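Each residue of the sequence shown is one higher than the one before, counting from 6 in this note's numbering.
C-beta: ideal position from N, C-alpha, C; glycine also.
A quick note: this is a predicted structure, and the numbers were derived from the prediction, not measured.
Right, one structure below, let's go through it.
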Amino acid sequence: MKKRKVCVVTGTRAEYGLFYPVMKAIRASRKLSLQLVATTMHLSPEFGLTYREIEEDGFKVDATVENLLCADTRSSVAKSTALATMQLSDIFRRLEPDIVLLLGDRYETLGAATAALLMNIPIAHIHGGEITEGAVDEQIRHAITKMSYLHFAATEVYRKRIIQMGENPKRVFNVGAPGIDNIVTMDLPTKDELEKELQWRFAYPSALFTYHPVTLECDSAEEQIDTILQQLERVGLSVLFTYANADAQGSIINRKIETFCQKDPVRYKVVKNLGQRRYLAAMNYADVVVGNSSSGIIEAASFKKPVVNIGERQKGRIQSGNVVNCKIENLESALRKALSEEHVKKCQTLSNRYGDGNTAQRIVSTLESAEFSTRKTFYETKGLR
């Protein structure tokens with residue numbers, strides 16, 4: 006029997022980490038054949054050339070796309086998207102996938118969806134139906150939803166929202182978040198092993214910090230990160246920093262963090278790319294997760310971990326009760342609340358609303374059996390009929 010060719014397109018270290026359990030399940034399937042395209046941050050020396058880590062994990066990278074421009078502006082992001090679309094059209098023509106599998110809401114993901122749609126290649130999309138009011142990611146995510154034929158939502162609320170957008174319920178599945186699979190199945194390093202790898206210790210209280218540009222705000226990323234770093238210092242945290250994504254003004258955030266960490270290398274450490282295994286271990290061993298990454302909303306609850314979510318980048322996402330939301334200028338008080346005995350105890354009683362760690366197999370089972378097409382009929386919900 007001819008295997009269905011599933012082409013995964015990944016552009017960032019974090020997205021690849023979420024794709025990882027799904028890719029493993031595709032590779033193990035007798036009915037599917039994995040194709041893999043690495044783009045954007047994976048090919049950038051600034052972000053650690055992470056395509057090499059994909060290969061070290063045992064995956065064959067079938068094609069690469071160098072589309073990330075050096076400039077740190079909104080126009081460079083638009084041009085990087087165009088470059089991704091152009092190059093991926095040639096790659097899809099060569100690989101001839103039966104379906105393109107995409108995840109999330111990145112601009113290069115939109116480029117991949119555009120190329121696939123215009124080439125009449127069906128698209129399957131993971132993590133649709135979510136709301137993030139503070140970032141352009143929301144519009145990108147919804148656009149990819151309308152381009153896609155199959156939908157793998159992380160919660161029932163998100164599944165219903167995709168249907169509300171006119172997608173047929175028969176093609177929309179609540180499968181959970183693939184990041185939870187990694188927490189359940191990965192062999193994470195011990196605290197001693199991780200500290201040895203990082204050459205840094207998790208002194209109490211410690212934080213794992215990731216902060217990305219808020220793309221729908223006009224405020225300067227420089228002013229935002231300066232205000233954040235000042236408050237982190239006042240609280241007296243030890244902080245493990247990771248790099249911001251390759252969005253407009255992301256390099257400003259990264260440079261500021263690098264300079265800040267030089268002030269006290271014992272308390273502060275910055276790592277460009279922790280990789281999924283070390284990142285999840287760091288989340289487990291830190292006392293609090295801080296920033297505006299989706300991982301604080303989705304994965305941290307599985308570790309019963311307090312989270313401080315800064316600003317509106319993740320506004321609208323379903324939370325599990327472990328998150329303290331705050332404005333940038335109120336970070337200090339939010340950190341003290343998150344680290345309070347009352348909140349830490351509350352986190353120990355919560356369950357993660359994003360699934361049970363079996364997402365990858367649900368996705369693969371659907372990819373093995375579902376019919377693929379690019380032709381769709383708008384599904385009218387009852388209230389509008």
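(message) To the nearest angstrom, how far is the alpha carbon of L234 from that of D103?
(response) 47 Å
(message) Taking contact to mean 3 or more Cβ pairs, one atom from each stretch, closer than 8 Å, check whether the region 95 to 109 and the region 124 to 136 are in contact.
(response) yes
(message) For T150 and I167, which I take to be in contact (beta-carbon distance under 8 Å), what is that distance rounded to the nearest angstrom?
(response) 6 Å
(request) In the DSSP assignment, find the beta strand (DSSP E) that holds I126 and state where it starts and stops. (result) No beta strand (DSSP E) holds I126; DSSP gives it neither H nor E.
(request) State the beta-bridge partners of V276 as determined by DSSP. (result) T247
(request) Please list the segments of the beta strand (DSSP E) lying wholly inside the region 309 to 372, counting only runs of 3 or more residues, in order along the chain. (result) 312 to 315, 328 to 331
(message) In the DSSP assignment, the alpha helix (DSSP H) including R164 goes from what residue to what residue?
(response) 161 to 169
(message) For P174 and A140, what's the separation of their Cα atoms in angstroms?
(response) 27 Å
(message) Going by DSSP in three states, K10 sits in which element: helix, strand or coil?
(response) strand
(message) Measuring alpha carbon to alpha carbon, tell me which residue in T86, K84, A68, L336 is nearest E101.
(response) A68
(request) Identify every residue that forms a DSSP beta bridge with H156. (result) H130, V177
(request) Would you kindly work out how many angstroms separate the C-alpha atoms of C352 and A253, rounded to a whole number? (result) 34 Å
(request) Name the one or two DSSP bridge partners that L106 has. (result) V13, A129
(message) Once the 5 residues before and after I258 are set aside, which same chain residues still bring their CB inside 7 Å of it?
(response) Y216, P218, A226, I230, A249
(message) Please identify the residue among I188, Y290, A121, G255 whose C-alpha is closest to the C-alpha of D77.
(response) G255
(message) Our contact map puts V180 next to R367 with C-beta atoms below 8 Å; I'd like the distance itself, whole angstroms only.
(response) 4 Å
(message) I believe T114 touches G16 by the beta-carbon criterion, under 8 Å. Please report the beta-carbon distance rounded to the nearest angstrom.
(response) 7 Å
(request) Measure the C-alpha to C-alpha separation of V13 and T55 and round it to an integer number of angstroms. (result) 16 Å
(message) Pull the bridge partners of L213 from the DSSP assignment, please.
(response) L245, V294
(request) Would you tell me roughly how many angstroms separate the C-alpha atoms of P50 and Q267, rounded to the nearest one? (result) 21 Å
(request) Using DSSP bridges, identify the partner residues of L39. (result) V11
(request) Work out the CA separation of T86 and T44 for me, nearest whole Å. (result) 11 Å
(request) Counting only the same chain and skipping the five closest in sequence on each side, list residues whose C-beta sits under 8 Å from that of F97. (result) C12, V105, A120, A121, M124, I126
(message) I need the DSSP call for A117, collapsed to helix, strand or coil.
(response) helix
(message) Between the alpha carbons of A391 and L37, how many angstroms are there, rounded?
(response) With the chain covering 6 to 390 only, the question about residue 391 has no answer from this structure.
(request) Return helix, strand or coil for T150, following the three-state DSSP convention. (result) helix
(request) Quickly, what does DSSP pair A68 with across the bridge? List them, please. (result) V42
(message) Tell me the rounded alpha-carbon separation between R35 and M152.
(response) 28 Å
(request) Compare the Cα-Cα distances from D197 to each of N289, Q281, F214 and report the closest residue. (result) N289
(message) Give me the residue from R9, F24, K7, K8 with the minimum Cα distance to G281.
(response) Note on residue identity: the sequence assigns Gln, not Gly, to residue 281. Answer by Cα proximity: F24.
(request) Quick one: measure Cβ to Cβ for A343 and V293, integer angstroms, because I've assumed they're closer than 8 Å. (result) 5 Å
(message) Short of 7 Å in beta carbon distance, which residues of its chain neighbour F383, apart from the five on each side in sequence? Order them along the chain.
(response) G171
(request) Name the two residues that bound the continuous alpha helix (DSSP H) containing S256. (result) 255 to 266
(request) Look up D95 in the DSSP assignment and say whether it is helix, strand or coil. (result) helix
(request) Give the straight-line distance between the Cα atoms of S299 and I31, rounded to the nearest whole angstrom. (result) 24 Å
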